[in-house]
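Note sheet for the following structure.
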Amino acid sequence: MHIPNGLLDPKASAGMAFAAAAVLGYCIAKVRQALVAAVPESILAGAGNIAVNITQSSKKMVSSIAENHLMKMAAIGSLVFSAQMFNFPVASGTSGHLLGGILAAVALGPFSGTIVIAIVLAVQSMFFGDGGIMALGANMLNMAVVGTFISYYIYYVLKQRFGFNIGIAVASLFSVLLASAACAIEIGLFGTVDLYNVISAMTLIHARIGIAEALLTILALNFLSSIDLGLEGKLE
Amino acid sequence: MNKKYLLIVLLAVVVAILAGLISSSLPDGLEKASKSLGFADKTKAGSGIFIDYQLSAFPFPALSTIISGILGIIIIVFIFKSISNATHIGEFLKKILSLEKNK
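Chain order of the listed sequences is A and B.
Residue numbers for the first sequence follow the working numbering, beginning at 1 and rising by one.
Residue numbers for the second sequence follow the working numbering, beginning at 237 and rising by one.
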């Protein structure tokens with residue numbers, strides 16, 4: 001559901017780019033905060049005045065914990081990227097591929113997951129012509145913000161009542177459905193297509209893709225938890 | 237890089253190879269809707285060096301998808317490695333610790 005160039009009104013595209021940038025900025029701030037907080041106090045205390053200066057003057061400074069977390073983001077990012085290349089056929093002459101929003105959000109936590117999906121989308125539009133650069137803000141809003149950040153909380157609520165796998169399945173299905181609905185609404189409002197038709201066409205196709213998303217995400221996350229990756233952004 | 241992360245990147249490479257070999261070339265959900273609702277003519281082709289995961293001027297489409305997929309994985313790892321380097325991370329704390337020991 002990568003929106004190409006030419007479908008959306010440029011002014012609306014710019015507005016959505018700002019909205020996506022605002023959410024991404026918030027996510028970056030949250031991740032940085034968590035990583036700075038993870039620096040063991042004892043190390044900083046032992047280093048005396050120098051450490052006090054660091055913590056006060058440079059919030060950018062983080063630890064090897066951060067380096068480790070960024071490499072984990074790189075690994076999940078490359079997995080989502082190549083999974084998005086793999087198109088499987090769904091009924092009526094259509095193909096679909098994994099979105100990977102819930103995969104990234106559950107593996108890395110919602111804030112890091114959103115950043116990873118946004119970076120994957122940026123790479124796709126800049127190097128691979130997959131999604132227009134003009135529509136990058138809209139695509140980030142659909143897949144990173146709606147399909148990852150918001151959908152993570154569906155998983156978060158359901159996991160507590162129904163367990164890990166049910167939470168992943170339902171959240172994955174809804175992440176694809178909600179992202180495709182958001183995509184359809186944007187095309188309906190800021191393109192020149194009838195809103196009702198485009199929403200029904202998009203969500204009908206993506207209901208099927210969402211079922212595949214649920215199965216693949218369960219498979220991937222159970223594999224990742226079996227190799228003790230430390231899911232949900234737990235810092236090692 | 238941690239061994240587990242390396243394993244995941246290798247898995248990503250395997251998926252990229254599978255995508256090159258057996259990926260479906262049917263239109264995706266949005267392309268299908270754009271054709272059936274008649275707004276496909278408004279869309280413009282994307283830009284980039286590997287449009288549709290193909291290297292232009294390379295004769296074998298499957299291999300070309302695999303290579304562009306692996307290049308994409310390298311680009312993504314490079315981006316995160318750069319962020320990690322730019323924030324300077326572990327090295328600085330190591331310096332502080334060695335300063336502390338030498339006191």
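For every residue, glycine included, the Cβ atom is placed at its ideal position computed from N, Cα and C.
Given the structure is predicted, the values throughout are model-derived calculations rather than measurements.
Proximity of residue i and residue j at Cβ, strictly below 8 Å
i        : j        : result
Phe149/A : Thr114/A : yes
Tyr102/A : Ser175/A : It is worth fixing the name first, because residue 102/A is Ile in this sequence and not Tyr. Taking 8 Å as the Cβ cut-off, Ile102/A and Ser175/A qualify as a contacting pair.
Leu242/B : Val198/A : no
Ala252/B : Ile312/B : no
Cys183/A : Met1/A   : yes
Ile287/B : Ala281/B : yes
Gly131/A : Leu141/A : no
Ile252/A : Ile168/A : Residue 252/A lies beyond the stretch modelled for chain A, which goes from 1 to 236, so this question has no answer here.
Leu158/A : Ile166/A : yes
Leu7/A   : Lys317/B : no
Ser151/A : Ala214/A : no
Ile205/A : Ala255/B : no
Leu224/A : Leu231/A : yes
Gly308/B : Phe128/A : yes
Gly133/A : Ile315/B : First, the residue type needs correcting, since residue 133/A is Ile and not Gly in the sequence shown. Going by C-beta atoms, Ile133/A is not nearer than 8 Å to Ile315/B.
Leu99/A  : Gly147/A : yes
Val145/A : Phe81/A  : no
Ala75/A  : Val245/B : yes
Ala107/A : Leu221/A : yes
Ile3/A   : Ala104/A : no
Met85/A  : Gly284/B : no
Leu262/B : Pro89/A  : yes
Ala66/A  : Leu35/A  : yes
Leu291/B : Ile310/B : no
Asn238/B : Asn68/A  : yes
Glu111/A : Val170/A : First, the amino acid is wrong: residue 111/A is Phe here, not Glu. Taking 8 Å as the Cβ cut-off, Phe111/A and Val170/A do not qualify as a contacting pair.
Val116/A : Met73/A  : yes
Collapsed DSSP secondary structure at residue i in the structure displayed
i        : result
Phe89/A  : Looking at the sequence itself, residue 89/A is Pro, so the reference to Phe does not match. Looking at Pro89/A - three-state DSSP - the assignment turns out to be strand.
Asn142/A : helix
Asn238/B : coil
Ala257/A : Not covered by the structure: residue 257/A. The range shown for chain A is 1 to 236.
Gly15/A  : helix
Leu299/B : helix
Gly230/A : coil
Asn321/B : helix
Lys60/A  : Confidence at Lys60/A is low in this model, with a pLDDT of 43, below 50, so the placement of that residue should be treated as unreliable; the coordinate-derived value is given next. In the structure shown, Lys60/A sits in coil (DSSP, three-state: anything other than H, G, I, E or B).
Ile150/A : helix
Gly308/B : helix
Pro10/A  : helix
DSSP beta-bridge partners of residue i
i      : result
Asn5/A : Lys280/B
*For the region 68-79 of chain A, enumerate the residues whose C-beta is nearer than 8 Å to any C-beta of chain B, in chain order.*
Residues Asn68, Leu70, Met71, Lys72, Met73, Ala74, Ala75, Ile76, Gly77, Ser78 and Leu79.
*Hey, which unbroken runs of the beta strand (DSSP E) at 3 residues or more fall wholly within the region 242-297 of chain B?*
Here no run is fully enclosed.
*Between the region 273-297 of chain B and chain A, which residues of the former have CB atoms less than 7 Å from a CB of the latter, in chain order?*
Going along the region 273-297 of chain B in chain order, one finds Leu273, Phe275, Lys278, Thr279, Lys280, Ala281, Gly282, Ser283, Gly284, Ile285, Phe286, Ile287, Asp288 and Tyr289 with a Cβ nearer than 7 Å to chain A.
*asked:* Restricting to runs no shorter than 4 residues, where is the alpha helix (DSSP H) found entirely within the region 62-136 of chain A?
replied: Taken in chain order, the whole alpha helix (DSSP H) runs of length 4 or more contained in the region 62-136 of chain A are 64-85, 101-108 and 110-127.
*Give, in chain order, every residue of the region 297-309 of chain B whose Cβ lies closer than 9 Å to some Cβ of chain A.*
Against chain A - using a Cβ distance shorter than 9 Å - the residues of the region 297-309 of chain B are Thr301, Ser304, Gly305, Ile306, Leu307, Gly308 and Ile309.
*Using a beta-carbon distance cut-off of less than 7 Å, what residues from the region 212-234 of chain A approach chain B?*
Cβ contacts with chain B come from Ile227 and Leu229.
*asked:* What ranges does the alpha helix (DSSP H) occupy inside the region 152-224 of chain A, keeping only unbroken runs of at least 4 residues that lie completely in it?
replied: Counting whole runs of 4 or more residues, the region 152-224 of chain A contains the alpha helix (DSSP H) stretches 164-190.
_Contacting positions in the region 104-123 of chain A - beta carbon closer than 8 Å to chain B_ = Of all residues in the region 104-123 of chain A, only Ile119, Val120 and Val123 come within less than 8 Å of chain B when Cβ atoms are compared, listed by chain position.
*asked:* Residues of the region 193-211 of chain A in Cβ contact with chain B at a cutoff of 7 Å, in chain order, please.
replied: Taking 7 Å as the Cβ-Cβ cut-off against chain B, the residues of the region 193-211 of chain A that qualify are Val193, Asn197, Val198, Ala201, Met202, Ile205, His206 and Ile209.
*Selection of the region 81-93 of chain A by Cβ proximity to chain B, strictly under 7 Å*: Per Cβ criterion, the list reads Phe81, Ser82, Ala83, Met85, Phe86, Asn87, Phe88, Pro89 and Gly93.
*chain B contacts made by the region 173-184 of chain A, where a contact means CB separation under 8 Å*: Among the residues of the region 173-184 of chain A, those with a Cβ less than 8 Å away from any Cβ of chain B are Ser180, Cys183 and Ala184, in the order of the chain.
*What residues in the region 135-164 of chain A have a beta carbon less than 8 Å from any beta carbon of chain B?*
Correct list: empty, as no residue qualifies.
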